[in-house]
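Participant: Here the sequence shown is numbered in my numbering, starting from 378 and rising by one per residue.
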Amino acid sequence: MYKEIHGWVGIVSGLALFIAFFAGAVTMFEEPIQRWASAPTSISAPVPLERAPELVEAVLAAHPEAARSYDVHLETGPENPARVTWPQGSRRDPQVFLAALAPDGTLEVEKQAASPVAQFIDRLHQQVGLPFAHEVAMPIMGAISLLYFIALVSGVIVLLPSLVSDFFAVRVGKNAKRMWLDVHNVLGIVSLPFHIVMALTAVVFAFHDEFYDLQGAAFMDRGAPRAQMAPPPPPNPNGQGPDLLTPAELVQRVESQAPGFTIRAITYHTGREGQPQARLSGHDPRFGLRGPTFGMVEADPVTGALTDTTYMPGLQDAWGAAITSFFALHFGSFGGAPIRWSYFLLGLAGAMLFYTGNLLWVESRRKRERKAGAVTQTRATRALGALTVGVPLGCVAGIAVTLAAAKPLGTEATAGIHSAIYYVVFTGFVAWALVRGAARGARELLPAAALALLTIPLASLAFLDLHPWSQPLVDAVSVALAASLTLAARATHRRARNGPRDSVWSHQRRKTRTDPPPPEAGHAAAPERSSAI
378 MYKEIHGWVG IVSGLALFIA FFAGAVTMFE EPIQRWASAP TSISAPVPLE RAPELVEAVL
438 AAHPEAARSY DVHLETGPEN PARVTWPQGS RRDPQVFLAA LAPDGTLEVE KQAASPVAQF
498 IDRLHQQVGL PFAHEVAMPI MGAISLLYFI ALVSGVIVLL PSLVSDFFAV RVGKNAKRMW
558 LDVHNVLGIV SLPFHIVMAL TAVVFAFHDE FYDLQGAAFM DRGAPRAQMA PPPPPNPNGQ
618 GPDLLTPAEL VQRVESQAPG FTIRAITYHT GREGQPQARL SGHDPRFGLR GPTFGMVEAD
678 PVTGALTDTT YMPGLQDAWG AAITSFFALH FGSFGGAPIR WSYFLLGLAG AMLFYTGNLL
738 WVESRRKRER KAGAVTQTRA TRALGALTVG VPLGCVAGIA VTLAAAKPLG TEATAGIHSA
798 IYYVVFTGFV AWALVRGAAR GARELLPAAA LALLTIPLAS LAFLDLHPWS QPLVDAVSVA
858 LAASLTLAAR ATHRRARNGP RDSVWSHQRR KTRTDPPPPE AGHAAAPERS SAI
């Protein structure tokens, strides 16, 4: 029973989870991707932090609407080239403006053109590839995550009796179905804690609002008086409001209260009562972070005193630290680069786990049908085999092509354009696999996906004059993944040519129902026939 539950639940959720895990692995390096994809700006170089007050004064004089909220960045780069920025526009059409001082001291303002491709890939991860509105996709993602957890539990129950004897046993030989099962089991058991964390935290993210609504209904004292905001600081004698600390002074005072917290940006905004407030974002490698790469703290920009440490790494209360742990465990936002690389590799291994799971299910179905006397595969099994090829390879190729497109698109890139590129490539791969079948589709689409990955370093070379080569990591990983798919294409071609004719992975002439069944992989067979999947 548990084996059937594990198989069917894994099949239902496996294709969506491949997209979630592969895109999630990519987003472990969202910031390097953002730097790689963003076109350089023509705005002047950022002024030193000590001159930030001069720049802010010029911005507020020319653009008083920026007083509602503006950012002072301590860290700048291709994806964030200005010392001061401020948001403008609506939620559907958000815009960010950059500010700098020209060599002659005049104000320069430019609309930010940072590439949205990294955020698009992150949205693919969050919504398991579903092209729906966020509010629609998230509950579906939550349901898939619940199925994922059921598959994990049932898979462990199935494997327990043979865990001691088969653990780490990958039997390479003619019985390739046995070998793929061993690989699937090793990947599943070694990374089981990681997968349990991913399943449970994904459920929390999917139903985050519902959980908080229930918590509020159950524990909030509706009769309790509302907390009073602190009164705004008194205005200075000239009536222009309280004097704010300079960004450098504010950073110094906050870091003295939170040693080890490295500040990356300060957001100045206005509170409910009109008083100035400052939110400082940064990181501390000793603690988990609420965001993928940052934690936050609220401070009084007049005195530098910390006013809200709910999201501050190392200064949270027990409840805040517990909530942050869910985010940190899912994002891998703790432990620095070693954890980030570990999560990247575990994400790729997870995608491989779902791919091998679908392969095993399709081949196991062939074995059961043969016992019932059927030699040809059913239409449903062939369709599932084609989807097992088309969906994962379409995801890989779609992400690669839309990422590579960021270079030629430059400042014209929008999230909508990147979404269209991805889904055109993804749909094309799936349609090709369904038309050509699993065997021919895999043989043709694996090299195509490898070529798609190579468009990333090719884009770097083609646009060196516009995009200085600053992120070799992105290109190197793309080349490594392309090489892996090339090796997989060669193995798939051998399997399609020499494997059992009644397999969905064979492109040989199908036998009729009166033909005797071919020998099962691993049993007596012609010496020249291989049974590698």
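In this text, a Cβ means the ideal position worked out from N, Cα and C, and glycines have one as well.
#1: Check whether the Cβ atoms of residue 862 and residue 810 lie closer than 8 Å to each other.
#2: Please classify residue 413: is it buried, with 16 or more other beta-carbons within 10 angstroms of its beta-carbon, or exposed?
#3: What's the gap between the Cα of residue 410 and the Cα of residue 646?
#4: Go ahead and label residue 502 buried or exposed: buried means 16 or more other beta carbons lie within 10 angstroms of its beta carbon, across all protein chains shown.
#5: Specify the secondary structure class of residue 415 as computed by DSSP and reduced to three states.
#6: Thinking C-alpha only, which one of 823, 850, 471 is nearest residue 864?
#7: Given that a residue counts as buried once 16 or more other Cβ atoms are within 10 Å of its Cβ, and exposed if not, what is residue 505?
#8: What residue range does the alpha helix (DSSP H) around residue 768 cover?
#9: Under a Cβ-count criterion, where at least 16 other Cβ atoms within 10 Å of its own Cβ denotes burial, should residue 891 be classed as buried or exposed?
#10: Assign residue 729 to one of three DSSP states: helix, strand, or coil.
#11: Residue range of the alpha helix (DSSP H) that residue 666 falls in?
#12: Return the bridge partner residues of residue 656 from the DSSP annotation.
#13: Short of 6 Å in beta carbon distance, which residues of its chain neighbour residue 704, apart from the five on each side in sequence? Order them along the chain.
#14: Using three-state DSSP, classify residue 911 as helix, strand or coil.
#15: Which value, in whole angstroms, describes the spacing of the CA atoms of residue 507 and residue 585?
#16: So what does DSSP say about residue 472, is it helix, strand or coil?
#17: For residue 837, which three-state DSSP category applies?
#18: Answer yes or no: do residue 429 and residue 715 have a C-beta to C-beta separation smaller than 8 Å?
#19: Is the stretch 388-400 in contact with the stretch 412-427, if contact means three or more CB pairs nearer than 8 Å?
#20: Report yes or no: do three or more beta-carbon pairs, one from the stretch 764-774 and one from the stretch 801-809, lie closer than 8 Å?
#21: Can you check DSSP and say which residues form a bridge with residue 446?
#22: Assuming the contact rule is C-beta atoms closer than 8 Å, residue 631 and residue 679 should be a hit. Round their C-beta distance to whole Å, please.
#23: With a threshold of 16 other CB atoms inside 10 Å of the CB of residue 722, please say whether the residue is buried or exposed.
#24: Measure the CB-CB distance between residue 766 and residue 819 and report whether it falls below 8 Å.
#25: Where does residue 715 sit, in a helix, a strand or coil, going by DSSP?
#26: Does the structure place the stretch 423-439 close enough to the stretch 473-491 that three or more beta carbon pairs sit under 8 Å?
#27: Might you give, ordered along the chain, the residues of its own chain that have their beta carbon closer than 6 Å to the beta carbon of residue 848, omitting 5 neighbours on each side?
#28: Please report the distance separating the alpha-carbon of residue 398 from that of residue 699.
#29: In this structure, does DSSP put residue 477 in helix, strand or coil?
#30: How would you write the range of the alpha helix (DSSP H) that residue 496 sits in, first residue to last?
#31: Give me the Cβ distance between residue 491 and residue 407, rounded to the nearest whole Å; I'm assuming they're in contact under 8 Å.
#32: Are the CB atoms of residue 475 and residue 418 nearer to each other than 8 Å?
#33: Going by beta-carbon coordinates alone, are residue 707 and residue 497 separated by less than 8 Å?
#34: Per DSSP, residue 454 forms a beta bridge with which residues?
Facilitator: With the structure as the only source:
#1: no
#2: buried
#3: 29 Å
#4: buried
#5: coil
#6: 823
#7: buried
#8: 756-781
#9: Low per-residue confidence applies at residue 891: pLDDT is 43, beneath 50, and the placement is therefore not dependable enough to give any value.
#10: helix
#11: Premise fails: residue 666 is in no alpha helix (DSSP H) and is neither H nor E.
#12: 644, 675
#13: 667
#14: What the structure shows of the chain is the stretch from 378 to 910, and residue 911 is not part of that stretch, so it cannot be assessed.
#15: 19 Å
#16: strand
#17: helix
#18: no
#19: no
#20: yes
#21: 646
#22: About 13 Å separates the two Cβ atoms, so there is no contact after all.
#23: exposed
#24: yes
#25: helix
#26: yes
#27: 409, 412, 413
#28: 24 Å
#29: strand
#30: 494-503
#31: 12 Å between Cβ atoms; not a contact.
#32: yes
#33: no
#34: 457
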